[in-house]
Amino acid sequence: MKKNVRWIFAAVVFVVIGLMLFFNISEVLRRKGGGAADMVHSFYDTLDVLCMGSSHGYSAFQPNTLWNEFGLTSYVLCSQRQTAATTYYLLQEALKYQKPKVLFLESYYFFSAKKYTDEAALRLAIDGIRLGRVKHEAIQDLLSGHSKKEWLSYYLPFLKYHGRWNDLKNTDFHSDNYLKGSIFDFEVYPMEEPELPEDGREIPDVVYEYLEKVIALCEENEIQLVLFTAPYGYEDDLKGYLKKQQINETLESYLEQQGIPYLYFQKTKEAGIDFATDFRDYAHLNTNGAMKITRSLGKYITEHYALPDHRGDEAYQSWQEDYEAFQSRINAMYAKKNEQE
Amino acid sequence: MLFNSLEFLLFFPAVCLCYYVIPYRVRYLFLLACSYFFYMCWNPQYALLMLTSTVITYASGLLIDSADKVTDEKQRIRRKKLYVALSFVSNLAILFFFKYFDFAADSVVRILSMAGIEARVPAFDVILPVGISFYTFQALSYTVDVYRKDIYAERNFLKYALFVSFFPQLVAGPIERSKNLLIQINEKHKFEFERVRSGLLLMLYGYFQKVVLAEYLAVVVDSVYNTYTERTGFQLMIATIFFAFQIYCDFGSYSNIAIGAAKVMGFRLMENFNTPYFAVSVADFWRRWHISLSTWFRDYLYVPLGGNRRGRVRKWFNLMVVFLASGLWHGASWHFVVWGAMNGAYQIVGDWLRPLREKVMKVLNVDKTAFSHRFLQMLITFGLVDVSWIFFRASFREGISILKSILGFGSIHWFTWGDNLKAMGLTPETRNLLVVSLLILLVADICKYCKISIIEWLCAQGIWLRWLIYYVAIFGILIFGVYGPGFDASQFIYFQF
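Sequence lines, in order, name chains S and F.
The first sequence begins at 8 in our numbering and counts up one residue at a time.
The second sequence begins at 28 in our numbering and counts up one residue at a time.
Pasting the structure below:
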């Protein structure tokens with residue numbers, strides 16, 4: 008009997024250690040994407056602001072600027088081609104670990120009538136969610152038309168990514184923490200400022216459905232929701248560009264009815280975005296542009312909501328250090344540029 | 028439900044857990060239900076086929092047993108033989124229909140067309156029932172064993188049905204004997220930690236052989252063999268050597284997982300592969316390769332044919348019959364027959380040349396016990412066996428062409444300097460992985476050859492080393508194994524806007 012107790016105990020310990028290893032290795036092997044939900048679990052109760060949305064979101068928001076100029080802590084939980092439905096589940100996961108006071112939601116992907124755009128985009132968004140209720144509900148909802156077998160590798164991303172062992176990079180072991188989900192890209196793609204449409208266009212039902220859920224979730228958690236649209240241009244598809252901008256027109260009036268603030272930067276020209284210098288490609292702002300947008304967003308917060316300034320607070324020392332890392336990278340970049348010139 | 032499927036990884040622990048919780052007297056019923064469930068996961072209808080074989084051989088056992096009570100000796104023997112014959116004919120007929128009908132029909136049509144006769148045979152589109160060759164042979168062995176009085180005739184049909192369908196070894200062996208397995212069904216298997224652990228470790232090694240080694244070797248073999256006409260002799264040679272290890276790991280892994288799984292539940296299955304590539308002759312190879320099948324053919328075909336008791340020529344004939352049958356058993360195709368014939372021929376020629384070889388060795392004063400001599404024997408045996416594997420893997424015509432290229436008579440150069448590795452579907456990383464994995468296989472086989480049990484050694488170590496090795500093994504397989512939906516980096520290449 009005594010022996011049996013011993014080996015049962017040993018087996019339990021063995022399995023527990025095994026599971027811990029499993030989830031940690033799984034996290035290393037998981038394919039990371041620029042500005043994905045990679046690190047949401049690494050902060051506890053320290054965030055004032057969360058930014059969500061697609062690549063347009065992570066290209067337009069710079070947490071280090073928000074820290075340096077307003078003393079606010081923030082994190083970017085955007086991922087490539089993130090739809091409203093994926094935002095909803097990702098937000099639920101974030102709220103398990105964070106209590107942000109403001110959520111900035113970038114609206115670019117509201118043109119999409121899909122729950123999720125494609126497998127890769129979905130994986131980049133939800134693979135980082137820990138195994139639990141949120142993940143389960145996200146899979147059940149977003150992948151409802153798929154077979155159980157397909158679900159499995161979403162529950163356990165290990166099954167999908169174990170073959171990445173010969174493709175690992177430094178960032179798989181430690182992400183660029185100081186960027187906090189944002190990106191660092193000063194590439195310049197100059198273009199002329201495109202026109203905006205005058206009329207609106209129907210927003211897909213699925214977007215309303217999940218946007219309403221996001222609104223409800225924010226109310227429940229006493230989070231001030233603010234929507235914004237980062238400016239963008241087009242390469243050759245003017246029609247497509249206009250169609251997408253039309254969505255924003257409709258969104259503007261919808262949000263007005265709902266009493267939710269909406270910052271349509273391309274229309275208001277508030278942030279002072281310069282199409283000749285602030286883009287890295289025709290659709291995405293570079294870090295220069297991101298700093299401008301963030302400055303505007305920060306100003307909006309301080310004007311409308313009373314959030315404490317953490318600058319100088321001992322407990323937030325790491326935020327200052329991260330900012331310095333960010334700034335020294337910028338300095339180094341300019342120094343190198345000058346040298347070349 | 029394959030061993031390397033998630034279903035099995037859920038099924039097996041659940042079965043074991045229940046197995047040890049329920050009372051002894053119902054355990055065989057539970058295992059029987061599990062075994063049929065396991066089999067029906069492939070195709071529920073084919074369980075009926077297995078049931079038919081079970082009923083026939085079960086009945087044959089009872090009939091043979093009852094015939095034993097006949098006092099007249101002549102009649103007794105005649106009756107017993109009749110029942111054996113009925114069991115064999117009916118079982119082999121099922122096997123023939125499901126496995127060989129299309130092959131036989133196709134062959135007949137082709138032969139007739141060579142003679143200028145147009146013939147049409149209705150094609151039966153039947154899917155080969157999984158494991159039919161394995162359980163049919165297992166069931167037939169029971170008929171003969173009862174006939175030979177090596178085993179009692181089992182009265183309890185359900186116990187007998189479990190013997191035929193026992194899930195660990197049902198679909199890919201080892202082909203058990205009633206003498207060994209049937210009697211174990213009556214044993215009471217207690218949960219013994221040490222035994223369960225060593226069973227699990229053996230399974231783990233089996234998984235390593237399958238999902239890491241066999242799968243990565245298959246990458247090379249498939250990429251080279253699928254485009255054999257464009258390959259240099261060198262690449263074909265490497266692929267052919269790899270195929271020898273691929274099939275060893277593939278087949279060996281199933282046996283190891285089966286033996287390990289059975290061990291976890293307290294059953295002792297026979298060993299199926301005993302370091303086959305350390306064999307010093309082709310005959311020795313067949314004593315080490317798929318032992319349960321070779322001994323089946325020895326006991327139920329070679330010996331009844333007269334074995335080696337009726338002179339040399341008859342012995343050779345018997346050998347050939349056995350190996351042709353073995354070839355056919357492996358698959359319904361002529362290239363398997365060629366493969367079998369080659370293995371038979373090797374042994375016949377070897378036997379025939381034995382006096383000459385002895386003479387040469389005497390003249391050269393060769394020390395037969397020296398390592399160098401034994402190593403040379405191993406190399407030659409491996410070479411011979413490996414050449415026959417070409418015909419196991421490829422059709423006859425392809426095989427001939429591949430063999431020609433390897434021997435340097437191909438249409439392109441035997442060797443070209445360049446990135447052979449990449450051409451064979453390997454990256455430097457996967458090559459390193461393969462080298463390390465093959466070294467592990469080599470060390471494991473050397474230990475086995477030297478009768479050192481790695482599992483026993485491991486279990487005698489302190490907990491830190493034991494657990495470290497367990498975790499390294501488990502995660503090594505999980506990370507480096509080939510399974511799951513697969514990661515394709517290109518799927519994630521989104522214009523990095």
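Heads up, the beta-carbon is just placed ideally off N, CA and C, and yes, glycines get one too.
query	result
Could you check whether the Cβ of S:N173 sits closer than 8 Å to any Cβ belonging to chain F?	yes
Could you work out which residues of chain A lie near F:I482, taking near to mean beta carbons separated by less than 7 Å?	Among the chains of the structure shown, chain A does not appear; the protein chains present are S and F.
From the DSSP output, which residues share a beta bridge with F:C276?	BP columns for F:C276 are empty, so no partner.
Of all Cβ atoms in chain F, is any one closer than 8 Å to the Cβ of S:I337?	no
Decide if the stretch 200 to 208 of chain F is in contact with the stretch 274 to 290 of chain F; the criterion is three or more beta carbon pairs, one per stretch, under 8 Å apart.	yes
Report the neighbours of S:S160 on chain F: residues whose CB is nearer than 7 Å to its CB, in chain order.	G511 and P512
Using 10 angstroms around the beta-carbon of S:S66, count the other beta-carbons present and answer buried if the total reaches 16, otherwise exposed.	buried
Would S:V25 count as contacting chain F if we go by Cβ distances under 8 Å?	Reading off the sequence shown, one finds Gly at residue 25 of chain S, where the question assumed Val. Yes, because at least one Cβ of chain F sits closer than 8 Å to the Cβ of S:G25.
Within 10 angstroms of its Cβ, does F:P195 collect 16 or more other Cβ (buried), or is it exposed?	buried
If we count the other Cβ atoms within 10 Å of its Cβ and call it buried at 16 or more, is F:F522 buried or exposed?	The predicted model places F:F522 with a pLDDT of 42, which falls under 50 and marks its position as unreliable; any figure quoted below should be read in that light. Classification of F:F522: exposed, given that the 10 Å Cβ count is below 16.
Which residues in the same chain have their Cβ closer than 6 Å to the Cβ of F:W343, if we skip the five residues on either side of it in sequence?	I375
Along chain F, which residues have their Cβ under 8 Å away from the Cβ of S:L28?	Y498 and F502
Could you tell me which chain S residues have their CB closer than 9 Å to the CB of F:T457, listed as they occur along the chain?	N173
Which of helix, strand or coil does DSSP assign to S:F68?	coil
Does F:L44 come within less than 8 Å of chain S when only Cβ atoms are used?	no
Starting from F:Q72, trace the alpha helix (DSSP H) both ways and give me its first and last residue.	Counting along the chain, F:Q72 falls outside any alpha helix (DSSP H), and DSSP gives it neither H nor E.
So with Cβ pairs under 8 Å, would you call F:I506 a contact of chain S?	yes
In the DSSP assignment, what are the bridge partners of S:Q231?	S:V109
Quick one: is F:F161 near chain S, going by C-beta distance under 8 Å?	no
Are the C-beta of S:G193 and some C-beta of chain F separated by less than 8 Å?	Residue identity differs from the one stated: residue 193 of chain S is Phe in this sequence, not Gly. Closer than 8 Å: no.
Where DSSP assigns a beta bridge to S:T236, which residues make up the other side?	S:Y271
Going by beta-carbon coordinates alone, are S:V221 and S:Y307 separated by less than 8 Å?	no
Suppose the cutoff is 7 Å on Cβ atoms and the five residues either side in sequence are ignored; what does the same chain contact list for F:G437 look like?	G260 and K431
With DSSP as the reference, identify every bridge partner of S:Y82, one or two as the case may be.	S:L57
Over what stretch of residues does the alpha helix (DSSP H) that includes F:W356 continue unbroken?	R339 to H357
Considering only the beta carbon of each residue, do S:V195 and S:N293 sit closer than 8 Å?	yes
Quick one, which of S:A339, S:Y330, S:C225 and S:R38 has its alpha-carbon nearest S:H181's?	S:R38
Cβ of F:V309 within 8 Å of Cβ of F:Y373?	yes
Does any CB atom of chain S fall closer than 8 Å to the CB of F:V494?	Strictly speaking, residue 494 of chain F in this sequence is Trp, with Val absent from that position. Closer than 8 Å: yes.
List the residues of chain F that S:I32 touches, going by C-beta distances under 9 Å, in chain order.	F502, L505 and I506
Tell me whether S:L186 is buried or exposed, calling it buried when 16 or more other Cβ atoms sit within 10 Å of its Cβ.	buried
Counting only beta-carbon atoms, is S:G135 nearer than 8 Å to chain F?	no
For S:V141, which of S:I210, S:Q347, S:L249 and S:L102 has the nearest alpha-carbon?	S:L102
Taking only runs of the alpha helix (DSSP H) that begin and end inside the stretch 179 to 204 of chain F, which ones reach a length of at least 4 residues, in chain order?	184 to 192
Taking the alpha carbon of F:F324 as the point to measure from, which residue in F:R339, F:N301, F:G293 and F:W356 has its own alpha carbon closest?	F:W356
Please state if the CB of S:M59 and the CB of S:L84 are separated by a distance shorter than 8 Å.	yes
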